[in-house]
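Numbering (full-length UniProt numbering), first residue to last: 1 to 390. Just so you know, even glycine gets a beta-carbon here, dropped at the ideal spot from N, CA and C. Worksheet for the structure shown next.
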């Protein structure tokens, strides 16, 4: 979208930001907690556990700790939680499965661990279960847990509004994927920062909601719905594993900002669950309006030049440029010179040197007018690029 004058979606919720400031000034417990050297604020943990129960009703909530009872910890954004989960589970030489293409931050977190990244083909509905089954067929389920056999340990996926594709897994696909995880004893890393940005009325069932084995670790984030600057995320999963994440935090970052935790707790306590869900509806409406504006501009300027699918969640549109086999140079050099801010598809490949005919557009920051102007300039650039290639 055109560079400059980007608008922050949180401006749509100035009242909530004002509430945060007011709450931080008047909170009686704020001063006590800020200097308290604790890994967590227990009241916030309780609130978030109750929220997970309401939204997902995890079967593991009633399990004993050794059987994978559900536990939760607060992290400095979901990225910290994911990084610590990866460091806990992944060793050099391990085979790790993940949607392809996928979030570049995940690739960057995994590569230094020396593991083998195996991309699972996706379509507009996310991971294709048959493709996952075909990949797993290279190993024997009976060899799970035998390090020398190198069976994959885990599957990473963004189930709603995937970054960059905008794809969302159906319930049917999730069930198939979970059954394969059971067969091959995989841990599922459910990275779901766009869960609250599902534009359908009902939230789709999560992997956590169907986890009867204690094999799902779920990462959630407040960044997309309250404030990214507060850096509050939370990781939910089997207690033995979450306890290890907490220990890792205690010897690294020590704990998530107590100030941020208290601000979030005070706001959530003031709202209650019903008030929080009302806020979510407002955020969803904002992003859905943004999506619709971007789609209208895509239809207006890119018809015949590109292809795309309407995302049902998240904040991204994944666009295939028809006659440009590799968009990297076009986007990173020519588009920037025309003040168009997009991301080339190659940035989300497991090997960024591989070509991609896709670009990712975000509808989170730009105004409808900026998005329209951005696609107008992109259309002109595509025509120029196509002529230059012919």
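- Taking 8 Å as the cut-off, the beta carbon of residue 187 is found no closer than this to the beta carbon of residue 73.
- The alpha-carbon separation between residue 43 and residue 266 amounts to approximately 10 Å.
- One Cα belongs to residue 166, the other to residue 217, and the distance between them is close to 21 Å.
- The Cβ atoms of residue 214 and residue 67 sit closer than 8 Å to each other.
- Classified as exposed, residue 304 has fewer than 16 neighbouring CB atoms from the shown chains inside 10 Å of its CB.
- When the Cα atoms are used, residue 140 and residue 83 turn out to be separated by approximately 28 Å.
- In this structure, residue 122 places its C-beta atom within 8 Å of the C-beta atom of residue 99.
- Here the alpha carbons of residue 349 and residue 54 stand approximately 36 Å from one another.
- For the pair residue 235 and residue 154, the CB atoms are not nearer than the 8 Å cut-off.
- Rounded to whole angstroms, the gap between the alpha carbons of residue 179 and residue 48 is 28 Å.
- Contact fails between the stretch 361-381 and the stretch 128-140, because fewer than three Cβ pairs, one in each stretch, are under 8 Å apart.
- Annotation: residue 231 is outside any beta strand (DSSP E) and is labelled neither H nor E by DSSP.
- Beta bridge pairing from DSSP links residue 303 with 306.
- Put simply, the backbone Cα of residue 117 is about 8 Å away from that of residue 111.
- Assigned with DSSP and collapsed to three states, residue 283 falls in helix.
- Residue ranges of uninterrupted alpha helix (DSSP H) with 4 or more members, entirely inside the stretch 89-118 and ordered along the chain, are 104-110.
- Shown here for residue 59: same chain residues with a beta carbon closer than 7 Å to its own, the five before and five after excluded, namely 211 and 212 in chain order.
- Beta-bridge pairing by DSSP links residue 218 to 190 and 236.
- Rounded to whole angstroms, the separation of the alpha carbons of residue 288 and residue 51 is 23 Å.
- Between the stretch 313-327 and the stretch 345-365, the count of C-beta pairs closer than 8 Å reaches three or more; the two stretches touch.
- Residue burial annotation: residue 380 is exposed, with fewer than 16 other C-beta atoms found within 10 angstroms of its C-beta.
- When DSSP states are grouped into helix, strand and coil, residue 167 belongs to the coil group.
- With 16 or more neighbouring CB atoms inside 10 Å of its own CB, residue 151 falls in the buried class.
- Relative to residue 107, the option among 69, 136 and 158 whose CA is nearest is 158.
- Across the set 182, 222 and 343, the C-alpha of 222 shows the shortest separation from the C-alpha of residue 77.
- Taking all protein chains in view, the Cβ of residue 345 is crowded by 16 or more other Cβ atoms within 10 Å, so the residue is classified as buried.
- In the three-state reduction of the DSSP assignment, residue 361 falls in the strand class, which pools E and B.
- Counting only residues of its own chain and dropping the five nearest sequence neighbours on each side, residue 92 has a CB closer than 8 Å to the CB of 113, 114 and 115.
- Residue 318: member of the beta strand (DSSP E) spanning 316-321, first to last residue.
- Distance from the CA atom of residue 205 to the CA atom of residue 327, rounded to whole angstroms, is 35 Å.
- For residue 332, the CB contacts under 8 Å within the same chain, skipping 5 residues up- and downstream, are 344 in chain order.
- The beta carbons of residue 264 and residue 232 sit about 5 Å from each other, so the pair counts as a contact at 8 Å.
- As the crow flies, the alpha-carbon of residue 355 is around 18 Å from that of residue 163.
- Cβ-Cβ distances below 7 Å link residue 310 to 295 in the same chain, with the five nearest sequence neighbours on each side left out; the list follows chain order.
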